[in-house]
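Residue numbers (this note's numbering): 2 to 449. Ideal Cβ placement from N, Cα and C applies to all residues, glycine included.
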Ligand code: GLU
């Protein structure tokens, strides 16, 4: 493989929002170009005037900007009609193309067909290996409707030729287009690029990943989910490729350094969304607290409106939040489920739910009163480790559920919340003792 003056291109058709499958093709083109200190081009293939929309092109550019996949040149096919016309004319002049009736005779329209030399085409795909096609069965295929309205095969070949694309890296669904494109490029005298048809992305439910799979959403919706761009790139790079060792977390720079087109696997790689969230968590862990707060910002207005909210308390909860979320959507869930409220405002008392299933109300009063005494006389550093050391032996002796459940419930008022020691630490001595005390009083008065 020649890697001098590498030029790659990503050539999306802006007929829909830029979805996740396109990210991987873009990324492989990007990584290969950057690794070889070459050029990476974005070409908007918007010749289908009915289906192409400027807002989809914008969505593609916004997605690339968010991902940090910067490109060196940008082209729009709809602005290049003259270039295509010149080349169609050249094909006609040299006898490689001719005007003919469209095969669909009721329209009686003319089209421009390529004069197929019916040769055998062989090429070595960098991923799939040697490929041979007999082009006879393709017949004299259509390359344009009129001299000013070229179709896909023609525009791709002309652009790749004129732009000096050295490596065509694209999805395997394009493999059958390659022989036609090679025939055209040979007739035009362009240098043949190297081809690398990358494997399909497979659905975790089997088969090819398709628009029906819930993972296939516009790229920017992953941003709204709280997936970090570095995490998404890292994840996508590993679908069909890996560095050949046990590394799983790689920055964009490391990917550029290590990426090797020849090591891309032939078979499809599975899109495993749990892996994406796991990778995202690794990247979230690397953020500083300030960066993490910035990350949470889109939902902070809602948090700040929780009754009793203080920034001071929020800072104390931050480590708990950081531990519990894999993406922004988990934070949204926490807010929705009221999992942050009890830090700021006293939970409602519930004399029924507070008692563990194997305990009586009297047991609960006894356990909580005992813990209260222990905590009141405790003078050490108020942190979850120390508090666990203080309380845990008693819980083990008297029954973990019987002791720890009511303790946790008295602090959070929730059946699901962080462990009681974390809650004690975050809430602080004053608030924690007050809440336990209030529950003991309420239980004593309750009729059950
Ligand atoms: N515009 C084509 C597509 O969106 C890609 C063409 C190519 O990569 O050769 O599928």
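- Helix, strand or coil at residue 134 [DSSP, three-state]: strand
- Task: Please list the segments of the alpha helix (DSSP H) lying wholly inside the region 326-399, counting only runs of 4 or more residues, in order along the chain.
- Result: 329-337, 342-345, 362-378, 385-399
- Message: Could you pull the DSSP bridge partners for residue 206 from this structure?
- Response: According to DSSP, residue 206 bridges with nothing at all.
- Task: Helix, strand or coil for residue 213, going by three-state DSSP, please let me know.
- Result: coil
- Query: Taking only beta-carbon atoms, is residue 290 less than 8 Å away from chain B?
  - Reply: Protein chain content of the structure displayed is limited to a single chain, and chain B is not contained in it.
- Message: In whole angstroms, give me the CA-to-CA distance for residue 154 and residue 177.
- Response: 11 Å
- Message: Looking at the ligand GLU, does it come within less than 7 Å of residue 46, judged from the CB to the closest heavy atom?
- Response: yes
- Message: With distance defined between alpha-carbon atoms, name the residue in 185, 237, 9 nearest to residue 113.
- Response: 185
- Message: Tell me the DSSP secondary structure of residue 141 in three-state form.
- Response: coil
- Query: Is it buried or exposed for residue 75, if we count other Cβ within 10 angstroms and need 16 for buried?
  - Reply: exposed
- Query: Would you say residue 12 touches the ligand GLU, meaning its beta carbon is less than 7 Å from a heavy atom?
  - Reply: yes
- Task: Determine the extent of the beta strand (DSSP E) in which residue 100 is found, giving its start and end residues.
- Result: 98-102
- Say yes only if the C-beta of residue 217 is nearer than 7 Å to one or more non-hydrogen atoms of the ligand GLU, and no if none qualify. no
- Message: Can you check which of these residues, 378, 335, 404, is closest to residue 369 by C-alpha distance?
- Response: 404
- Going by other Cβ atoms of all chains shown within 10 Å of its Cβ, with 16 needed for buried, is residue 407 buried or exposed? buried
- Rounded to whole angstroms, what's the CA-CA distance from residue 165 to residue 205? Just pull it up for me. 38 Å
- Item | Cβ neighbours of residue 346 in the same chain (closer than 8 Å, five flanking residues each side left out) | 307, 308, 309
- Item | Identity of the residues DSSP links to residue 168 by a beta bridge | 9, 195
- Message: What I want to know is whether the C-beta of residue 213 ends up closer than 7 Å to one or more non-hydrogen atoms of the ligand GLU.
- Response: no
- Message: Please return the same chain residues whose Cβ sits closer than 6 Å to the Cβ of residue 437, not counting the five positions on each side in sequence.
- Response: 369, 373, 411
- How about residue 198 and residue 171: are their beta carbons less than 8 Å apart? yes
- Item | Whole-angstrom C-beta distance between residue 24 and residue 220, which should lie under 8 Å | 6 Å
- Query: Any heavy atom of the ligand NAP within a distance shorter than 7 Å of the CB on residue 168?
  - Reply: With respect to the ligand NAP, the structure offers nothing, as its ligand set consists of the ligand GLU.
- For residue 341 and residue 224, the rounded distance between their alpha carbons: 23 Å
- Where do the ends of the beta strand (DSSP E) carrying residue 125 lie? 121-126
- Message: Using a Cβ distance threshold of 8 Å, determine whether the region 57-76 contacts the region 282-295, with at least three qualifying pairs required.
- Response: no
- So residue 123 packs on residue 133, CB below 8 Å; how close in whole Å? 5 Å
- Task: May I ask you to check if the CB of residue 25 is nearer than 7 Å to at least one heavy atom of the ligand GLU?
- Result: no
- Message: Under DSSP, the beta strand (DSSP E) around residue 112 begins and ends at which residues?
- Response: 111-115
- Is residue 270 helix, strand or coil when you go by DSSP? strand
- Straight-line gap, residue 85 to residue 102 (C-alpha atoms, nearest Å): 21 Å
- Query: Thinking C-beta only, is residue 33 closer than 8 Å to residue 262?
  - Reply: yes
- With 16 other Cβ atoms within 10 Å as the buried cut-off, status of residue 414: buried
- Task: Would you mind giving the Cβ-Cβ distance between residue 264 and residue 234, rounded to the nearest angstrom? I have them listed as a contact below 8 Å.
- Result: No, residue 264 and residue 234 are not in contact; Cβ-Cβ is about 17 Å, not under 8 Å.
- Starting from the Cα of residue 174, find the closest Cα among 200, 150, 207 and give me that residue. 200
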